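Chains as they are written, first to last, in my numbering: chain S, 635 to 957; chain V, 635 to 957; chain B, 635 to 957. Idealized CB from N, CA, C, for every residue including glycine. Bear in mind that the values here come from a model prediction, so they are computed numbers and not experimental data. Since the structure comes first, as structure tokens, the remarks are kept for the end.
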Amino acid sequence: MMQDFSQLDANGRLRHLITLEGLDPALIRELIERARGYLCRPGELPPRGDDLRGWTVANLFAEPSTRTRASFELAALRLGADAVNLDVMLSSRVKGESIIDTIYTLQAMQVDVFVIRDAQPGIIEFVARHVAGHVSVISGGEAHISHPTQGLLDALTIQLHTGGFRDLVVTIVGDIRHSRVARSAHRALAALGVGELRLVAPEDMMPEPDEFAGARRFRSFDEGIELADVVMMLRIQRERIAGAAPTDVDHYHALYGLTAARLARARAQAIVMHPGPMNRGVEISSEVADGPQSVIREQVSNGVAMRMAILAQIAESRRRRAP
Amino acid sequence: MMQDFSQLDANGRLRHLITLEGLDPALIRELIERARGYLCRPGELPPRGDDLRGWTVANLFAEPSTRTRASFELAALRLGADAVNLDVMLSSRVKGESIIDTIYTLQAMQVDVFVIRDAQPGIIEFVARHVAGHVSVISGGEAHISHPTQGLLDALTIQLHTGGFRDLVVTIVGDIRHSRVARSAHRALAALGVGELRLVAPEDMMPEPDEFAGARRFRSFDEGIELADVVMMLRIQRERIAGAAPTDVDHYHALYGLTAARLARARAQAIVMHPGPMNRGVEISSEVADGPQSVIREQVSNGVAMRMAILAQIAESRRRRAP
Amino acid sequence: MMQDFSQLDANGRLRHLITLEGLDPALIRELIERARGYLCRPGELPPRGDDLRGWTVANLFAEPSTRTRASFELAALRLGADAVNLDVMLSSRVKGESIIDTIYTLQAMQVDVFVIRDAQPGIIEFVARHVAGHVSVISGGEAHISHPTQGLLDALTIQLHTGGFRDLVVTIVGDIRHSRVARSAHRALAALGVGELRLVAPEDMMPEPDEFAGARRFRSFDEGIELADVVMMLRIQRERIAGAAPTDVDHYHALYGLTAARLARARAQAIVMHPGPMNRGVEISSEVADGPQSVIREQVSNGVAMRMAILAQIAESRRRRAP
Chain S
635 MMQDFSQLDA NGRLRHLITL EGLDPALIRE LIERARGYLC RPGELPPRGD
685 DLRGWTVANL FAEPSTRTRA SFELAALRLG ADAVNLDVML SSRVKGESII
735 DTIYTLQAMQ VDVFVIRDAQ PGIIEFVARH VAGHVSVISG GEAHISHPTQ
785 GLLDALTIQL HTGGFRDLVV TIVGDIRHSR VARSAHRALA ALGVGELRLV
835 APEDMMPEPD EFAGARRFRS FDEGIELADV VMMLRIQRER IAGAAPTDVD
885 HYHALYGLTA ARLARARAQA IVMHPGPMNR GVEISSEVAD GPQSVIREQV
935 SNGVAMRMAI LAQIAESRRR RAP
Chain V
635 MMQDFSQLDA NGRLRHLITL EGLDPALIRE LIERARGYLC RPGELPPRGD
685 DLRGWTVANL FAEPSTRTRA SFELAALRLG ADAVNLDVML SSRVKGESII
735 DTIYTLQAMQ VDVFVIRDAQ PGIIEFVARH VAGHVSVISG GEAHISHPTQ
785 GLLDALTIQL HTGGFRDLVV TIVGDIRHSR VARSAHRALA ALGVGELRLV
835 APEDMMPEPD EFAGARRFRS FDEGIELADV VMMLRIQRER IAGAAPTDVD
885 HYHALYGLTA ARLARARAQA IVMHPGPMNR GVEISSEVAD GPQSVIREQV
935 SNGVAMRMAI LAQIAESRRR RAP
Chain B
635 MMQDFSQLDA NGRLRHLITL EGLDPALIRE LIERARGYLC RPGELPPRGD
685 DLRGWTVANL FAEPSTRTRA SFELAALRLG ADAVNLDVML SSRVKGESII
735 DTIYTLQAMQ VDVFVIRDAQ PGIIEFVARH VAGHVSVISG GEAHISHPTQ
785 GLLDALTIQL HTGGFRDLVV TIVGDIRHSR VARSAHRALA ALGVGELRLV
835 APEDMMPEPD EFAGARRFRS FDEGIELADV VMMLRIQRER IAGAAPTDVD
885 HYHALYGLTA ARLARARAQA IVMHPGPMNR GVEISSEVAD GPQSVIREQV
935 SNGVAMRMAI LAQIAESRRR RAP
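In structure tokens, the structure reads:
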């Protein structure tokens, strides 16, 4: 990230959300607090608002039907925005200029917020640097680097179940090296002063030594889960597991799959998280995924609430900036 | 269908709509009555409602742009719901568990109604069995088995033109063996006490003997159409007609195509129906499709009205169940 | 266009918009005036209206994510309509009849306005000839023939910057032969009484002699741009430039690309237009595209405003026709 870019406006309020890096913990706490206001009990109609009445939110996702796209679309609609979906992979354009032309064109249609998922590092910030002063850019997931709304919804989920971060032991397990989910979780938890962050992964899935500052690293899942309060499993891309033959999958599951037996080594009230979609029988057993300690579905609900909170916060910032 | 599954809630009201099998005729009549309230004259703006205000309807159709998907989307929007479209073929997932995970994920975003079209028998009921108590599932078409909203809109169409079912002769013609439209029409008409149901098809398109209880079977179209009040033509998949060479098509049309000459054998006021899309010149001649006895376009309008009625009924049921 | 088709209703008001050919200049001026009311300053929320409350607008575009589709969708939503998007290439159907069946089906769902982009000449008018009396058809771009909303937004853009058309010199540059944008610009400008229209193109991109009545033709860009008030560049399909090898592109750019040096030959206040998407370095240099004389992004904003004006006008016409 270059020195002169800030996600915040001149008032220090959220304008874009590209990364959790460097975000003020007070701002993160404010988002968590605001998101709690959008939660509802199952079977209740979700809270709605008028915060984005008259706004246009454009979702630019290369894959049209991801869950994250639907989550942002619903968050925008429930706050009164118009939402348009465009199947646009910005980074697939041949020349850098045309990315910006695409964005300028949409911006000229009075799009207020761009939600972008892209596989090329830096594209989302690149867009944020170029949009007009009133326009906001939110990352919907950037390569292996960053998935800030996921990091925030994970923090919200942990807080709802534990009350605080200071004394917590959080264990992240799996292909951490290639995971934007893990990176954003690390940033959120570090900002919130988590007690201890542990990384559990085989050698080739462990991140470089200069990443995940402050985290303890474990090759053994049994050791890394010992007395953990939160166990966050990552989705495994099957092709990452050597040849991904059935035996390789079984081997991975034996060493790094979360089973009931292994979960018993964590604290009794420990929660189990997963960003989805799950590979049952690979990184997590069905018994655990559907068990009483799993908060996996709740994460999805919290995701909509957190995205509503972010959108509402951005709308509030803009209104404050307006003359 | 397993014994312990019911589409109805504890009050005997509609919660899901997966099949017309076993549905109380009074309930079908109620839906027909309610749908009539959503009809409008051409050129009028269609009736709208607030019955689904705050609700989220998710359309899960493998093919993004089917007419049925659009019909459900418009029905939901006209009742005030948010509608999201997802190109999801549930049955294409590798493992059964992940179907449920997809549904649980969407449900966790506070989706209230799933409309699902799927080519794998049983998937839609499977989903309905697993969703939360406040969530409803509506079939948008299930393999060759069931298309309940089509059956109901066909019943509505027949009632609007004939006034009643008791003395009617209804003739269904074409590839009945592979037709969910025919199966759902049979169930609706049987429930409503239709006078006589006739099936007209060549040998290889005739259903098994234990299906379509009570219907009379004809190899000859000329005999089966004799004094019919309703002639319901089915869409022919061209690949079903032997080699589907032009000569095969002509041969099929000569034997099982509805022409003006053949229609003259039915009652003078007989109506002609087709679920669309039509193969003009194959199962139906243009002269008949566009003629004065055709109610084919009206079926489409009735489809939106019927889907609104079903959604409104489901919303009403849920409000009755709520404390 | 056949003699008996009119885009206007019996009151002489706009019902369809298929072409600008033969449109009363007073009507064009009225649309321009109305569109001005939908403009907003950057950073302001765009004006909204209730003109289409209860209406359904269906976008039938073969490519799902074009900018024009998004522009129409936003225009419809901002006037209160329901908007559905269908990926339908009407002309790709095997038989002519089925195009009409598709349209009749959608019309039967109470679609009020069809916006259609299609690559086959005549299809859009064909649809307009067949829809019911209360239904309107708007062209979103027809082969190389016509793009009327683009022609109108271009006229709006020119008027906003120059105040009038009588004394203007407008130069259109590029593959005019294959350009619907150029054809609709010609018709709008001719109707509004433009002072002088110039066409600049290499031999193989120049239209037939019987087209573009009244325009002056130039092989030399330097001559054609001399003292022009408006320079309208067209998008070049790279495959149109001989082999489109880099040398061909450079050659094209040298002869027909708009550079700052070339723009200096136009009037000092001349504006530069482009319908997008641009091929920077081919038909236009980045220096010019992003320079102070470029109104390219403004054209996009004007496009939404003009489409709102057209929709609102059509709604008004229909209300006048209604008893």
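E921/S and I905/S have their alpha carbons spaced roughly 14 Å apart. At a cut-off of 8 Å between beta-carbon atoms, M743/B makes contact with chain V. Excluding five sequence positions before and after N719/S, the CB atoms of its chain that fall closer than 6 Å to its own CB belong to N693, given in chain order. When DSSP states are grouped into helix, strand and coil, R811/S belongs to the helix group.
The beta-carbon of H768/V is placed less than 8 Å from the nearest beta-carbon of chain S.
Using a Cβ-Cβ cut-off of 8 Å, M942/V does not count as an interface residue toward chain B, since no Cβ of chain B sits closer than that to its own. Rounded to the nearest angstrom, the gap between the Cα atoms of R814/V and A946/V is 24 Å. A Cβ-Cβ separation of about 7 Å places D856/S in contact with R896/S under the 8 Å criterion. About 6 Å separates the CB atoms of I779/B and R817/B; that is less than 8 Å, so the two are in contact.
Taking 8 Å as the CB threshold, M866/V stays off the interface with chain B. Inter-segment contact for the segment 786-801 of chain B and the segment 649-665 of chain B is present: three or more beta-carbon pairs are separated by less than 8 Å.
Taken through DSSP and simplified to helix, strand or coil, R955/V comes out as helix. Taking a Cβ-Cβ threshold of 9 Å, the residues of chain V close to S732/B are P911, M912, N913, R914, in chain order. Contacts with chain V (Cβ-Cβ distance below 8 Å) from the segment 686-714 of chain S involve P698, S699, R701, A704, S705, E707, L708, L711, R712, listed in chain order. At a cut-off of 8 Å between beta carbons, D716/V contacts chain S. Scanning the segment 740-828 of chain B for uninterrupted alpha helix (DSSP H) segments of 4 residues or longer gives 757-764, 782-796, 814-825, listed from N- to C-terminal end. H650/V and A762/V have their C-alpha atoms some 7 Å from each other.
Straight-line measurement puts the Cα of G646/S at about 50 Å from the Cα of A943/V. Assigned with DSSP and collapsed to three states, D684/B falls in coil, not helix or strand.
Residues of chain V with a Cβ closer than 7 Å to the Cβ of Y738/B are, in chain order, R931. Chain-ordered, the chain S residues with CB closer than 7 Å to the CB of P680/B read Q744. Around V745/S, the same chain offers T690, A692 as residues with beta carbons nearer than 6 Å, after the five sequence neighbours per side are excluded. Under the 10 Å beta carbon count, F639/V is surrounded by fewer than 16 other beta carbons and is classified as exposed. Taking each of M866/B, E917/B, A956/B in turn and checking the Cα distance to R872/B, the smallest one comes out for E917/B. Nearest CB-CB separation between S935/B and chain S: below the 8 Å threshold.
Distance between E759/S and D643/S, taken at the CA atoms: about 15 Å. The C-beta distance from I948/B to S770/B rounds to 5 Å, short enough to meet the 8 Å contact threshold. By the CB criterion at 8 Å, L708/S and D684/V fall outside the cutoff.
Counting along the chain, the unbroken alpha helix (DSSP H) around T881/S starts and ends at 880-890. In this structure, DSSP gives D658/V a state outside helix and strand, which the three-state scheme calls coil. If you check the CB distance, R851/V and L868/V do not come in under 8 Å.
With contacts defined by Cβ atoms closer than 8 Å, V934/S and A742/V form a contacting pair. The three-state reading of DSSP puts A704/V in helix, counting H, G and I together.
When the alpha-carbon of R931/V is set against those of A710/B, I734/B, P681/B, D658/B, the nearest one is in I734/B. Among the residues facing chain B, G677/V is included, as its CB has a counterpart in that chain under 8 Å away.
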